[in-house]
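Numbering (my numbering), first residue to last: 304 to 423.
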């Protein structure tokens, strides 16, 4: 019985050590300015996509939230604009399950974003 307790302690200690050192999640520490850059974030209306949109808008990027639901996107845009002060956050319709929607999105994006030449 004692050997099982020691083994359990070693396994638990090893697990804690590994999770706290080797597998610890790192945070993005980059603070590069994004002014003059355009980013498309699919699913930018919720979750990780919204958090990413918020960070990039805060760095000055023009953010296009590409998702299916206009209402959710508009809510996310309002939140992002309020938190960052950025007015360069936009919605574009995109359903990644539909090739027709993907083609339409690409055509619209290329027409509107590359009128004066490619962005840097």
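For every residue, glycine included, the Cβ atom is placed at its ideal position computed from N, Cα and C. Quick caveat: nothing in here was measured; it's all calculated off a predicted structure.
_According to DSSP, is residue 396 part of a helix, a strand, or is it coil?_
In the structure shown, residue 396 sits in a strand (DSSP, three-state: E or B).
_Helix, strand or coil for residue 345? Go by DSSP, reduced to three states._
The answer is strand: DSSP assigns residue 345 an E or B state.
*By Cβ distance, which residues of its chain are closer than 6 angstroms to residue 488, with the 5 residues on each side in sequence left out?*
The requested residue 488 is not part of the displayed model; the chain covers only 304 to 423.
*Return the CA-CA distance between residue 363 and residue 337, expressed in angstroms with no decimal places.*
If you take the alpha carbons of residue 363 and residue 337, they lie about 5 angstroms apart.
*If we count the other Cβ atoms within 10 Å of its Cβ and call it buried at 16 or more, is residue 347 buried or exposed?*
Counting C-beta atoms within 10 angstroms of its own C-beta, residue 347 has 16 or more neighbours from the protein chains shown and is therefore classed as buried.
*Expressed to the nearest angstrom, what Euclidean distance is found between the alpha-carbon atoms of residue 314 and residue 333?*
Approximately 36 angstroms, taken between the alpha carbons.
*Helix, strand or coil for residue 369, going by three-state DSSP, please let me know.*
Here DSSP, grouped into helix, strand and coil, assigns residue 369 to strand.
*So, using beta-carbon positions, are residue 353 and residue 379 closer together than 7 angstroms?*
A contact, by the Cβ cut-off of 7 angstroms.
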